[in-house]
Every structure is written in structure tokens, then in C-alpha cells.
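Using this note's numbering, count along the sequence shown one by one with no gaps and you end on 718. Virtual Cβ for every residue (Gly too), placed ideally from N, Cα, C. Read through the structure below, which is laid out as C-alpha cells, and then see the notes.
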Amino acid sequence: KNNERLAVVCPVNIFKKTKEGKVELVEKNIPDCTLCMACVDEEPEGVKVYKNSSDIMVFIESWGQLDPEVMVTKGVELLTGKCDGFEKSLKA
Numbered sequence: 627k628n629n630e631r632l633a634v635v636c637p638v639n640i641f642k643k644t645k646e647g648k649v650e651l652v653e654k655n656i657p658d659c660t661l662c663m664a665c666v667d668e669e670p671e672g673v674k675v676y677k678n679s680s681d682i683m684v685f686i687e688s689w690g691q692l693d694p695e696v697m698v699t700k701g702v703e704l705l706t707g708k709c710d711g712f713e714k715s716l717k718a
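What follows is the structure, encoded as C-alpha cells:
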């Protein structure tokens, strides 16, 4: 079923209406989804929204001092050190 209202009800443009009048998913906008479920309310049989508990999406905003890759790498190193320290305190 082609529900043109999907392109209207989604607040972050996950769906768009094509020139041919069909409704398509805009994959590049999926990370913007707020899980408002308006699309599911509009088309409960045709749209399924679910979370994937094995994936984590992280947005890193750099102000230019460090590259995002360096920020993440250093952050993971610091967090690992803190977890190691916590583990040692539990064993003591």
C-alpha cells in the first residue's frame, strides 16, 4: 500500500513523495528519527519501527582542537582505565 500521508506526518522527513507519487524511505535521514511513531500510527500494517539494542549511535562534535577519531580513542582509553580501577577496587 502506498500511503502518501507518510511523507506528511513524519517530522524529520524519513519518507518522501517521489515525482511519480510514490512514497520512499530516505535512508540518510534515518539517524534523525525521534521514534515518535507517527508513521506507525498512520500505516500500522506497512511500517515497523524498532530499536536495535546491539547498535549504539554516538555523535562527536569537535571544535577543531582534536579530530573526532582522537577524541573517541582517548575517551575509550580513559574509560577503560576507570573501569580497570573500579574492577580492582571490587576485588580488594
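Name the two residues that bound the continuous alpha helix (DSSP H) containing residue 703. For residue 703, the enclosing alpha helix (DSSP H) begins and ends at 694-717.
Is the number of C-beta pairs between the segment 659-667 and the segment 682-693 that are closer than 8 Å three or more? Taking a contact to require three or more Cβ pairs closer than 8 Å, the segment 659-667 and the segment 682-693 do not qualify as touching.
Which residues does DSSP list as the beta-bridge partners of residue 641? Residue 641 is bridged to 651.
Rounded to whole angstroms, what's the CA-CA distance from residue 655 to residue 690? Just pull it up for me. Each residue's alpha carbon lies about 25 Å from the other.
Check this for me: beta carbons of residue 675 and residue 632, under 9 Å apart or not? Result no, Cβ atoms of residue 675 and residue 632 do not sit closer than 9 Å.
Neighbourhood of residue 659 by C-beta distance below 8 Å, restricted to the same chain and skipping five residues each side: For residue 659, where only same-chain residues beyond five positions count, the Cβ hits under 8 Å are 638, 640 and 675.
Output the boundary residues of the alpha helix (DSSP H) element that contains residue 667. Judged by DSSP secondary structure, residue 667 falls within the alpha helix (DSSP H) whose first and last residues are 664-668.
Are residue 630 and residue 643 close, meaning C-beta to C-beta below 9 Å? With contacts defined as CB atoms closer than 9 Å, residue 630 and residue 643 qualify as a contacting pair.
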